[in-house]
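Below is one structure, written out as structure tokens; comments come after it.
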């Protein structure tokens with residue numbers, strides 16, 4: 001089974017802090033994704049990556065950056081956390097082929113105080 | 114651009130009743146379609162997928178979905194609801210490498 005592991009289930013940070021959310025997958029997937037999920041807004045794509053050192057902006061990249069130095073790891077960075085970034089963050093990975101599903105981690109519930 | 118519409122943000126059924134969650138999509142190319150389930154405070158779990166071949170797709174936990182090209186639909190069904198089916202359900206269509214999600218349907222199961 002595919003395993004996508006997010007480093008924290010719950011995280012509390014202060015406004016202005018630099019925040020790192022880590023995601024690791026163990027199935028040699030080429031593609032990795034970061035979403036945020038908010039009530040009433042569904043899942044929104046922040047960034048994705050098709051390969052090591054490659055990144056593409058999703059629908060809501062503002063205030064975020066990403067890093068993919070190794071194939072199995074995809075990090076989401078909040079450069080200066082703000083209260084409106086309080087949310088559930090979900091990481092996913094998939095093989096490159098179009099007919100392949102994405103596999104999700106358990107999510108990180110991030111609170112910015 | 115591809116899109117997904119889930120009709121009904123909340124669906125309530127009695128335990129043992131039929132579950133029907135509706136999903137319509139728009140796509141300019143043959144679609145790859147997915148249903149996911151999310152239990153509280155968890156990530157999304159793949160229920161089933163349609164890529165090619167048989168239009169009736171069986172998934173986990175007794176769910177199935179039928180791809181109807183003429184109706185651009187991919188509705189999710191289960192003959193008999195169980196209390197453990199209470200969750201949020203997402204329909205999605207694959208667009209190049211990305212998934213386009215519907216807004217989700219919360220399923221409530223009443224005893």
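Residue numbers (this note's numbering), protein chains in the order written: chain A, 1 to 113; chain B, 114 to 224.
The beta-carbon is built from N, C-alpha and C at its ideal position, and this holds for glycine as well.
Shown in chain order are the members of the stretch 137-157 of chain B whose Cβ falls below 8 Å from a Cβ of chain A: 145, 147, 149, 154, 155, 156 and 157. Between residue 219 of chain B and residue 200 of chain B, the alpha-carbon positions lie close to 6 Å from each other. Taking 7 Å as the threshold, the shortest C-beta distance from residue 207 of chain B to chain A falls below it. Rounded to the nearest angstrom, the Cβ distance from residue 115 of chain B to residue 106 of chain A is 27 Å, too far for a contact under 8 Å.
Of all residues in the stretch 16-35 of chain A, those with a C-beta nearer than 8 Å to a C-beta of chain B are 31 and 33, reading in chain order. When only Cα atoms are considered, residue 86 of chain A and residue 32 of chain A end up about 22 Å apart.
For residue 181 of chain B, the enclosing beta strand (DSSP E) has its first and last residue at 177-181.
Under the three-state reduction of DSSP, residue 60 of chain A is assigned to coil, being neither helix nor strand. Interface criterion not met: the Cβ of residue 180 of chain B is under 7 Å from no Cβ in chain A. Residues of the stretch 183-194 of chain B with a Cβ closer than 7 Å to any Cβ of chain A: none.
Residue 78 of chain A has a beta carbon lying at 7 Å or more from every beta carbon in chain B. When C-beta distances to chain B are compared with 8 Å, the residues of the stretch 95-108 of chain A below that value are 96, 98, 99, 101, 102, 103, 104, 105, 106 and 107, in chain order. Only 42, 43, 45, 48 and 50 from the stretch 40-54 of chain A bring a Cβ to less than 7 Å from some Cβ of chain B. A direct Cα-Cα distance of roughly 11 Å separates residue 29 of chain A from residue 70 of chain A. When 7 Å is used as the limit between beta carbons, residue 211 of chain B is near these residues of chain A: 45 and 48, in chain order.
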